[in-house]
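J.:
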Amino acid sequence: MFKKVFIFIVLTGFALILFKSYSALNPEQGLNEVATRYAEKGPDEVGAANLVGAVLVTYRGLDTLGEVAILFLSASIIGFFLKVKLEDEKAPRKVRKTSEILATASKIITPVIFLFGIYVFINGHLTPGGGFQGGAIIASGLVLMLLANPVKKVNHSIISVVESISGFSFVILGITGIFLAGGFLDNDFISLGEFGKLFSAGAIPIIYIFIGLKVGSELSGIVSNLQETQKEEI
Amino acid sequence: MEQISLAHIALITGILLILIGLWGILSQKNIIKIIIGFSLFDTGTHIIMVSIGYLTGKTAPILDEAVNLKNAANEIVDPVPQALVLTAIVIGLGITALMLAYVLRLYQRRKTLEINNYNDLKW
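Protein sequences appear in the order of chains A and B.
Position 59, counted from 1, in the first sequence is what our numbering calls 59; the numbers after and before it change by one each time, with no gaps.
Position 9, counted from 1, in the second sequence is what our numbering calls 243; the numbers after and before it change by one each time, with no gaps.
Now the structure itself:
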């Protein structure tokens, strides 16, 4: 009883705090100072048509680096945590063979999903999308592959090599920005090119490709680690 | 009756999702359901952040044919909250996967998902 009252008090307190922000929200006002500057100077300074991408990779690039580091940390903790094999585990679980439709469709669809993921992160500076979305799409292709063939073993060394190389290159590109351009993760050391074309925005497409590969391999690593904890056989 | 704007609808949805998630975290006994509560809380905060950056009648912060480059600042919504939410979604995914991995280990060790059976840290 006491617990229910306590939960009720906490929820009403939270609701009061949040509904304060409801009355304060005024969607009619213009952009604030920071966003106005990004919108006005962004095309000249960064050259990316996708302003979200410009903010993410260049203006707030350090945050993105930290974010990728957090994702790496959680992926490696999961890998470390699930690695320990329990000795007294019972015999492998028998699973049904996957249906013909799923098995055949996954063979056709998986390469298309990978291709679409690569398209999304290569065009990240022009269209909605970018490294994180592209990486998540690539990982979803791997999930489909594992659903179609549950006993498949994913090659972990490829995943960790891709992950390490792309993370390392991300940092190297950032440091190159210090020496050849304005500062850490500045994209200006490669010609900005024509605004709105595929080869534009300096280093942003390159950084996005590395972010996409890194996020894709990390999420794939998480998925395959979780899958390998179950002993299954057909 | 005065018309409710899109941003307010999104804000209400986000607030309700946060409250449902918090209720789930506080009252559920099954650990998986608690994690679902965390996930809902996460989504609610994302919706609130995007709705705060929304401006009525403006378009997405992508400078293509739909936006006049000279007047971009008056035609687009705020890109900063969207960039923040983009990273937050990926972090949320990673943290959810981490929590599920912990639960998997806990279940393999103790064969129970009931939160009341894990009282090692209780004082």
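Idealized CB from N, CA, C, for every residue including glycine.
Keep in mind the model is a prediction, meaning the values are calculated, not measured.
1. When the cut-off is 8 Å and only beta carbons count, does B:LEU184 lie next to chain A?
2. Run the CB neighbour count on A:THR12, radius 10 Å, all protein chains shown included, and call it buried at 16 or more, exposed below.
3. Measuring alpha carbon to alpha carbon, tell me which residue in A:PHE114, A:THR58, A:VAL112 is nearest A:GLY42.
4. State the DSSP-derived secondary structure class of B:ARG344, mapped to helix, strand or coil.
5. What do you get for B:ASP359, buried or exposed, if any count of 16 or more other CB atoms within 10 angstroms of its CB means buried?
6. If we count the other Cβ atoms within 10 Å of its Cβ and call it buried at 16 or more, is B:MET235 buried or exposed?
7. Along the stretch 242-276 of chain B, where does the CB come closer than 8 Å to a CB of chain A? Name the residues.
8. How about B:ASP354: is its C-beta nearer than 8 Å to some C-beta of chain A?
9. Less than 8 Å between the C-beta atoms of A:GLU40 and B:ALA294, yes or no?
10. What residues from chain A crowd round B:THR321, counting only those whose CB sits closer than 8 Å?
11. If the cut is a Cβ gap below 9 Å, which residues of chain B does A:PHE170 touch?
12. In angstroms, rounded to a whole number, what distance separates the CA positions of A:PHE195 and A:GLU45?
13. Ends of the alpha helix (DSSP H) at A:ALA15?
14. Tell me the residue span of the alpha helix (DSSP H) that contains A:PHE114.
15. How would you call B:ARG343, buried or exposed, if buried means at least 16 neighbouring beta carbons within 10 angstroms?
16. Name the residue from A:THR176, A:GLY193, A:GLN133, A:PRO150 whose alpha carbon lies nearest to the alpha carbon of A:SER217.
17. Using a Cβ cut-off of 8 Å (strictly closer), state whether B:GLY328 contacts chain A.
18. Does any CB atom of chain A fall closer than 8 Å to the CB of B:VAL337?
19. Using a Cβ-Cβ cut-off of 8 Å, state whether A:VAL10 counts as contacting chain B.
20. Can A:GLY193 and A:GLY47 be called in contact, C-beta distance under 8 Å?
21. Here's the rule: buried if 16 or more other CB atoms are within 10 angstroms of the residue's CB, otherwise exposed. What is B:ASP298?
22. Which residue from A:ILE137, A:SER160, A:THR110, A:LEU65 puts its Cα closest to that of A:ALA148?
23. I need the straight-line Cα distance from A:PHE8 to A:ASN123, nearest angstrom please.
24. Between B:MET235 and chain A, is the shortest Cβ-Cβ distance under 8 Å, so that the two count as touching?
25. Three or more beta-carbon pairs under 8 Å between the stretch 267-281 of chain B and the stretch 329-338 of chain B, yes or no?
26. What is the rounded straight-line gap between the Cα of A:THR176 and the Cα of B:ILE259?
27. Using a Cβ-Cβ cut-off of 8 Å, state whether B:ALA300 counts as contacting chain A.
28. Enumerate, from N- to C-terminal direction, the unbroken alpha helix (DSSP H) stretches of 4 or more residues contained entirely within the stretch 141-213 of chain A.
29. Determine the contact status of A:ILE209 and A:HIS125, defining contact as a CB-CB distance below 8 Å.
T.: Checking against the coordinates, here is how it stands:
1. Absent from the structure is residue 184 of chain B, since the part of chain B shown begins at 235 and ends at 357.
2. exposed
3. A:THR58
4. helix
5. The structure shown does not extend to residue 359 of chain B, since chain B spans only 235 to 357, so no value can be given for it.
6. Note that B:MET235 has pLDDT 48, beneath the 50 cutoff, so the model's placement of it is unreliable and no number is given.
7. HIS242, LEU245, ILE246, ILE249, ILE252, LEU253, LEU256, TRP257, LEU260, SER261
8. no
9. no
10. LEU56, ASP63, THR64, GLU67, PHE132
11. Neighbours of A:PHE170 on chain B: none; closest Cβ ~14 Å, over 9 Å.
12. 11 Å
13. 2-24
14. 100-122
15. exposed
16. Of A:THR176, A:GLY193, A:GLN133, A:PRO150, the residue nearest in Cα terms is A:GLN133.
17. yes
18. no
19. yes
20. Going by C-beta atoms, A:GLY193 is nearer than 8 Å to A:GLY47.
21. exposed
22. A:THR110
23. 48 Å
24. With a pLDDT of 48 at B:MET235, under the threshold of 50, the modelled position of this residue cannot be trusted; read the value that follows with caution. So no, B:MET235 is outside the interface.
25. yes
26. 45 Å
27. no
28. DSSP runs (the alpha helix (DSSP H)) wholly in the stretch 141-213 of chain A: 156-180.
29. Cβ atoms of A:ILE209 and A:HIS125: not closer than 8 Å.
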